[in-house]
Amino acid sequence: MAVTNRYSQIVAWVKVILPLLALGLLSTLFLFSNSPDPDRAIPFAEVDVEELAREQRLGNPRFAGTLEDGREVLFIAESAAPAPDAPDRISAQQVETRVAISETDYILLNSAASEVDLSNRTADLQNDVRLTSSTGYRLESDRIVVSFEVLSVVSPGPVRVDGPSMTLSADRMVLSEETGVQVLSFNGRVRMLYEPES
């Protein structure tokens, strides 16, 4: 019986001592801990929460589709939101659009802003628009309108084109497709400097 009594006494003391030791360890953690460093705090996104609640906006949207003949179209933006007055029009910022011209050739369009009209299947790219082709040509304009119904790329304003052995400027440009063949035409004051490779 003495052994059982001693065992019970040890268990009773351990039940008291262990929680007291744990409490002592925790209190020393809080007593000797450093004050929080604001520079090492977890960063939070600086976002206007009220603006996010008010707007229906997507961050980094990515749309992909095909033209009627199966060629791929890829649309990527930094942000996109439907127009308040027309839900089938989408406003996007920092846009990159890739359109397949053939199995191997494509055009890449970059712009600061874009208005996409889903009902008419058009994209109106604005503000520092750059078109780059896989064949090495680069075009710059303030505005380019792309139609996806029948592939066409129109620059209603001045354009500048740089490419292999040539520089060109014009008042207007139209890239259209007729019976499977792409036709590129420049209108207005067209100036071309051709430098043949030696």
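Number 322 marks the last residue of the sequence shown (my numbering); no jumps. Each residue gets a CB set at the ideal place from its N, CA and C atoms; glycine is no exception.
Do residue j and residue i come within 8 Å of each other at the CB atom, strictly closer than that value?
i      : j      : result
Glu202 : Gln217 : yes
Ala210 : Leu198 : no
Arg245 : Leu232 : no
Gly287 : Gly312 : no
Tyr318 : Ser271 : no
Between the Cα of residue i and those of the options, spot the shortest distance and give me the residue it belongs to.
i      : options                           : result
Val314 : Pro206, Ser300 and Val285         : Val285
Gly183 : Pro143, Asn158, Leu191 and Pro206 : Pro206
Glu273 : Leu191, Leu149, Phe154 and Gly281 : Leu191
Ala237 : Asn311, Thr228, Glu227 and Ser265 : Ser265
Leu249 : Glu302, Leu147, Ile200 and Leu149 : Ile200
Thr228 : Leu150, Ser258, Pro185 and Pro282 : Ser258
Thr291 : Gly304, Pro320 and Asp161         : Pro320
Note down the Cα distance separating residue i from residue j, rounded to an integer number of angstroms.
i      : j      : result
Ser293 : Arg164 : 53 Å
Val278 : Met316 : 19 Å
Glu196 : Ala224 : 5 Å
Lys139 : Phe154 : 24 Å
Ser226 : Glu301 : 12 Å
Leu142 : Ser157 : 23 Å
Val307 : Ala204 : 32 Å
Leu144 : Gln133 : 17 Å
Thr303 : Pro208 : 38 Å
Leu263 : Pro282 : 10 Å
Thinking residue i and residue j are a contact (beta carbons under 8 Å), I'd like their distance in whole angstroms, please.
i      : j      : result
Ser243 : Asp212 : 5 Å
Val253 : Ser276 : 15 Å between Cβ atoms; not a contact.
What does a CB cutoff of less than 8 Å around residue i pick up in its chain, not counting 5 residues either side in sequence?
i      : result
Pro280 : Arg267, Val269 and Arg296
Leu342 : Residue 342 lies beyond the stretch modelled for the chain, which goes from 125 to 322, so this question has no answer here.
Beta-carbon within less than 6 Å of residue i's beta-carbon, same chain only, minus the 5 sequence neighbours each way: which residues are those?
i      : result
Glu220 : Ile200 and Asn234
Ala247 : Ser238, Val240 and Val270
Phe310 : Ala294 and Met297
Arg186 : Ile200
Enumerate in chain order the residues of its own chain whose CB-to-CB distance from residue i is below 7 Å, with the five nearest sequence positions on each side excluded.
i      : result
Tyr230 : Arg222, Val223, Ala224 and Ser258
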